[in-house]
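First residue of the sequence shown: 18, per our numbering; consecutive thereafter. For every residue, glycine included, the Cβ atom is placed at its ideal position computed from N, Cα and C. Everything numeric in this text was worked out from a predicted model, so none of it was measured. Notes for the one structure printed next.
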Amino acid sequence: MVVPTARSSLQNLESHKEILSEDLDTIDELRDIARIRMATYQQKVSKSYNKNIRICRFQVGDLVLRMAFQNTTNPANGKLAPKWEGPYKIESEAAKGAYKLTNMEGEPLPRSWNAIHLKYSRRRDETFCLNPSFDLKSELDQDPAQTLCLDAKF
(Lines of atoms letter the chains of each structure in order from A; the text may use other names.)
(Lines give C-alpha, C1' and ligand atoms only; values in the text may rest on other atoms or scores of the structure.)
Protein backbone atom coordinates (compact mmCIF):
# COMPACT_ATOMS: atom_id res chain seq x y z
CA MET A 18 0.00 0.00 0.00
CA VAL A 19 1.34 3.38 -1.06
CA VAL A 20 0.46 6.37 1.01
CA PRO A 21 0.60 9.55 -1.06
CA THR A 22 2.43 12.46 0.50
CA ALA A 23 1.62 16.09 -0.06
CA ARG A 24 4.58 16.45 -2.38
CA SER A 25 3.77 13.46 -4.57
CA SER A 26 0.07 14.19 -4.65
CA LEU A 27 0.62 17.76 -5.93
CA GLN A 28 3.16 16.71 -8.57
CA ASN A 29 1.76 16.28 -12.02
CA LEU A 30 3.75 13.71 -14.03
CA GLU A 31 2.69 15.00 -17.46
CA SER A 32 3.80 18.55 -16.73
CA HIS A 33 7.03 17.20 -15.27
CA LYS A 34 7.73 15.22 -18.46
CA GLU A 35 7.00 18.29 -20.60
CA ILE A 36 9.42 20.42 -18.59
CA LEU A 37 12.13 17.76 -18.91
CA SER A 38 11.66 17.51 -22.68
CA GLU A 39 11.88 21.32 -22.99
CA ASP A 40 15.07 21.29 -20.95
CA LEU A 41 16.52 18.62 -23.24
CA ASP A 42 15.65 20.77 -26.25
CA THR A 43 17.31 23.89 -24.82
CA ILE A 44 20.43 22.21 -23.40
CA ASP A 45 22.34 22.59 -26.67
CA GLU A 46 21.56 26.30 -26.74
CA LEU A 47 22.71 26.68 -23.13
CA ARG A 48 25.97 24.88 -23.94
CA ASP A 49 26.54 27.17 -26.92
CA ILE A 50 25.93 30.26 -24.77
CA ALA A 51 28.39 28.95 -22.15
CA ARG A 52 30.96 28.21 -24.87
CA ILE A 53 30.63 31.75 -26.26
CA ARG A 54 30.93 33.25 -22.79
CA MET A 55 34.06 31.19 -22.10
CA ALA A 56 35.63 32.22 -25.43
CA THR A 57 35.02 35.93 -24.78
CA TYR A 58 36.50 35.58 -21.29
CA GLN A 59 39.62 33.87 -22.67
CA GLN A 60 40.01 36.60 -25.28
CA LYS A 61 39.82 39.29 -22.59
CA VAL A 62 42.42 37.50 -20.46
CA SER A 63 44.68 36.99 -23.48
CA LYS A 64 44.37 40.64 -24.49
CA SER A 65 45.20 41.91 -21.00
CA TYR A 66 48.18 39.52 -20.73
CA ASN A 67 49.57 40.36 -24.17
CA LYS A 68 49.25 44.08 -23.47
CA ASN A 69 52.16 43.87 -21.00
CA ILE A 70 54.29 41.29 -22.83
CA ARG A 71 57.21 42.48 -24.93
CA ILE A 72 58.63 39.78 -27.18
CA CYS A 73 62.35 40.21 -27.64
CA ARG A 74 63.58 39.46 -31.15
CA PHE A 75 67.01 37.92 -31.54
CA GLN A 76 69.06 37.55 -34.70
CA VAL A 77 70.88 34.40 -35.75
CA GLY A 78 74.37 34.54 -34.26
CA ASP A 79 73.45 36.69 -31.24
CA LEU A 80 74.92 35.69 -27.90
CA VAL A 81 72.27 35.16 -25.22
CA LEU A 82 72.00 33.97 -21.65
CA ARG A 83 69.45 31.33 -20.72
CA MET A 84 67.43 31.47 -17.50
CA ALA A 85 68.72 28.93 -14.99
CA PHE A 86 66.00 26.67 -13.63
CA GLN A 87 66.14 24.74 -10.36
CA ASN A 88 66.58 21.41 -12.10
CA THR A 89 69.68 22.64 -13.95
CA THR A 90 71.50 24.27 -11.02
CA ASN A 91 73.19 22.82 -7.98
CA PRO A 92 70.57 22.68 -5.18
CA ALA A 93 73.28 23.20 -2.57
CA ASN A 94 73.79 26.76 -3.82
CA GLY A 95 70.29 27.77 -2.73
CA LYS A 96 69.46 31.39 -3.39
CA LEU A 97 73.07 32.15 -4.30
CA ALA A 98 72.84 30.01 -7.44
CA PRO A 99 73.35 31.86 -10.72
CA LYS A 100 70.14 33.14 -12.27
CA TRP A 101 71.40 32.89 -15.86
CA GLU A 102 73.45 30.28 -17.75
CA GLY A 103 75.51 30.75 -20.84
CA PRO A 104 76.47 32.37 -23.10
CA TYR A 105 74.74 30.51 -25.91
CA LYS A 106 74.54 31.33 -29.59
CA ILE A 107 71.26 31.67 -31.51
CA GLU A 108 71.34 28.95 -34.18
CA SER A 109 67.92 29.49 -35.77
CA GLU A 110 64.38 30.62 -35.05
CA ALA A 111 62.23 27.56 -34.35
CA ALA A 112 58.87 29.36 -34.13
CA LYS A 113 57.51 32.78 -33.27
CA GLY A 114 59.51 33.79 -30.21
CA ALA A 115 61.31 30.42 -29.87
CA TYR A 116 64.94 29.83 -30.76
CA LYS A 117 67.32 26.91 -31.20
CA LEU A 118 70.54 27.45 -29.24
CA THR A 119 74.07 26.09 -29.39
CA ASN A 120 76.75 26.35 -26.75
CA MET A 121 80.05 28.06 -27.49
CA GLU A 122 81.58 24.78 -28.72
CA GLY A 123 78.86 24.50 -31.37
CA GLU A 124 76.89 21.66 -29.75
CA PRO A 125 73.12 22.21 -30.09
CA LEU A 126 70.90 22.27 -27.02
CA PRO A 127 68.25 19.54 -26.98
CA ARG A 128 65.17 21.73 -27.42
CA SER A 129 64.10 25.20 -28.45
CA TRP A 130 63.88 28.03 -25.91
CA ASN A 131 61.28 30.76 -25.67
CA ALA A 132 62.47 34.36 -25.84
CA ILE A 133 60.98 34.98 -22.40
CA HIS A 134 63.73 32.78 -20.93
CA LEU A 135 66.56 34.47 -22.88
CA LYS A 136 68.37 37.78 -22.60
CA TYR A 137 71.24 39.40 -24.47
CA SER A 138 74.69 38.46 -23.23
CA ARG A 139 77.18 41.18 -22.57
CA ARG A 140 80.24 39.21 -23.44
CA ARG A 141 83.34 40.06 -21.48
CA ASP A 142 86.53 39.45 -23.42
CA GLU A 143 89.35 39.66 -20.97
CA THR A 144 92.81 38.96 -22.25
CA PHE A 145 95.72 38.81 -19.86
CA CYS A 146 99.07 39.02 -21.60
CA LEU A 147 101.25 37.91 -18.74
CA ASN A 148 104.50 36.40 -19.87
CA PRO A 149 105.54 33.72 -17.33
CA SER A 150 109.25 34.45 -17.85
CA PHE A 151 109.36 38.01 -16.52
CA ASP A 152 109.92 39.55 -13.12
CA LEU A 153 106.66 41.32 -12.25
CA LYS A 154 108.17 43.83 -9.84
CA SER A 155 110.88 45.05 -12.18
CA GLU A 156 108.53 45.11 -15.17
CA LEU A 157 105.89 47.17 -13.34
CA ASP A 158 108.53 49.69 -12.34
CA GLN A 159 109.48 50.22 -15.99
CA ASP A 160 106.29 50.30 -18.07
CA PRO A 161 103.09 48.64 -16.83
CA ALA A 162 101.42 48.94 -20.24
CA GLN A 163 103.88 46.49 -21.77
CA THR A 164 103.41 43.78 -19.14
CA LEU A 165 99.70 43.88 -18.52
CA CYS A 166 97.43 44.28 -21.50
CA LEU A 167 93.92 44.06 -20.19
CA ASP A 168 91.31 44.45 -22.87
CA ALA A 169 87.79 44.36 -21.44
CA LYS A 170 84.59 44.84 -23.41
CA PHE A 171 81.30 45.22 -21.62
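Among the options, whose alpha-carbon lies nearest the alpha-carbon of residue i?
i	options	result
Lys106	Asn131, Gln76, Ala93	Gln76
Asp79	Lys136, Lys68, Arg24	Lys136
Ala112	Ile36, Pro125, Leu47, Arg74	Arg74
If the criterion is Cβ atoms closer than 8 angstroms, does the pair residue i and residue j meet it?
i	j	result
Ala132	Gly103	no
Glu110	Leu118	no
Short of 7 angstroms in beta carbon distance, which residues of its chain neighbour residue i, apart from the five on each side in sequence? Order them along the chain.
i	result
His134	Arg83, Met84
Ile72	Gly114, Ala132
Tyr66	none
If residue i sits next to residue j, beta carbons under 8 angstroms apart, how far is it from one beta carbon to the other, in whole angstroms?
i	j	result
Ser138	Val81	6 angstroms
Please return the same chain residues whose Cβ sits closer than 8 angstroms to the Cβ of residue i, not counting the five positions on each side in sequence.
i	result
Met121	Pro104, Tyr105, Lys106
Met55	none
Asn91	Ala98
Val62	none
Near residue i, what residues of its chain come up, given a Cβ to Cβ distance below 6 angstroms and the 5 sequence neighbours on each side ignored?
i	result
Pro99	Ala85
Leu47	none
Pro125	Thr119
Give the DSSP bridge partners of residue i, in chain order.
i	result
Glu110	Tyr116
Val81	Tyr105, Tyr137
Asn131	Ala115
Pro125	Thr119
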